[in-house]
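Asks:
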Amino acid sequence: MEIDKIPINFFCLKKQLKEHKEIKKDLIKKINKTPSGQDIDSWTKIDKVDWFDCENFEREWVIFLKPYLQKLFIEFANEINVTECNIKKIWFQEYHKDGKHSWHVHDSNYTGVYYLNHDSSVQNTNYYDQYNDEIKSFNVKEGDVVIFPSFLLHKALPNTSSKKRLIVSFNLDFDGISNQFIKKWVD
Ligand SMILES: [Fe+2]
Numbered sequence: 017m018e019i020d021k022i023p024i025n026f027f028c029l030k031k032q033l034k035e036h037k038e039i040k041k042d043l044i045k046k047i048n049k050t051p052s053g054q055d056i057d058s059w060t061k062i063d064k065v066d067w068f069d070c071e072n073f074e075r076e077w078v079i080f081l082k083p084y085l086q087k088l089f090i091e092f093a094n095e096i097n098v099t100e101c102n103i104k105k106i107w108f109q110e111y112h113k114d115g116k117h118s119w120h121v122h123d124s125n126y127t128g129v130y131y132l133n134h135d136s137s138v139q140n141t142n143y144y145d146q147y148n149d150e151i152k153s154f155n156v157k158e159g160d161v162v163i164f165p166s167f168l169l170h171k172a173l174p175n176t177s178s179k180k181r182l183i184v185s186f187n188l189d190f191d192g193i194s195n196q197f198i199k200k201w202v203d
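Following our numbering, the numbering of the sequence shown begins with 17 at its first residue and continues without gaps.
#1: Among the candidates Ile24, Ser177, Asn155, Asp114, whose CA atom is the shortest distance from the CA of Lys61?
#2: Please go through the same chain and pick out, in chain order, the residues whose beta-carbon is closer than 6 Å to the beta-carbon of Gln32, but skip the five residues on each side of it.
#3: Around the Cβ of Lys167, are there at least 16 other Cβ atoms within 10 angstroms (buried) or fewer (exposed)?
#4: With distances taken between CB atoms, is the gap from Val156 to Asn140 smaller than 8 Å?
#5: Quick one: is the Cβ of Thr127 within less than 7 Å of any heavy atom of ligand 1?
#6: Counting C-beta neighbours from all protein chains within 10 Å, is the total for Lys64 16 or more, i.e. buried, or is it exposed?
#7: From this set, Gln196, Asn175, Leu188, which residue's C-alpha is nearest Tyr111's C-alpha?
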């Protein structure tokens, strides 16, 4: 028997972190002090990453950044009809010249990226739209934060710029359906 399918659309969301310019320098300084490793194979080249510590919320850069992100996540929550957002994992990734990250998915219900240091003229994240069988992307500039469902196949294209691409990535659990939504779709 074949698998039956119905198409359901969803949005990937993007918004500029208001405080980006104000916090960028200090945040990068704190990230640069953090122990990190590499993730390199034939499809992926991430030059610096602290994924191994992604559930440690006591890292100095995480303590510093979390309140700013949390405010923005609540705005995103509102947009998708939920009320809470719990950050489950958070880590940074730095891509030097030709750095890239092959197709993958994440755990939790949403995932996302904060483009902390990024050459805006270089294409970055691609998403696979299964329904239309095509690749989609945002035009991202430094300071943008994007979120998308964690099951969505995505990849980071090679960094063709000599400017290092530094991103913060996170896995989020959104929860709590908004009253507005419940009232609208009452049985
Ligand atoms: Fe990812």
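Glycine included, every Cβ here is placed at the ideal spot set by N, Cα and C. For clarity, every value in this text was computed on a predicted model and none was experimentally measured.
Replies: On the basis of the data shown:
#1: Start at 1 with the first residue of the sequence shown, and residue 61 comes out as number 45. Among Ile24, Ser177, Asn155, Asp114, the Cα nearest to that of Lys61 belongs to Asp114.
#2: Position 16 of the sequence shown, counting from 1, holds the residue named residue 32. For Gln32, where only same-chain residues beyond five positions count, the Cβ hits under 6 Å are Gly159, Asp160.
#3: Locating residue 167 in the sequence shown gives position 151, where the first residue counts as 1. This sequence places Phe at residue 167; Lys is not what is there. By the neighbour-count rule (16 or more Cβ atoms within 10 Å), Phe167 is not buried but exposed.
#4: What you label residue 156 is simply residue 140 of the sequence shown in a count that begins at 1. What you label residue 140 is simply residue 124 of the sequence shown in a count that begins at 1. Going by C-beta atoms, Val156 is nearer than 8 Å to Asn140.
#5: Start at 1 with the first residue of the sequence shown, and residue 127 comes out as number 111. Within the cutoff, so yes.
#6: Taking the sequence shown and counting its residues from 1, the one referred to as residue 64 is at position 48. Lys64 should be labelled buried.
#7: For the purposes of this step, residue 111 is identified with residue 95 of the sequence shown, where counting begins at 1. Nearest C-alpha to Tyr111: Asn175.
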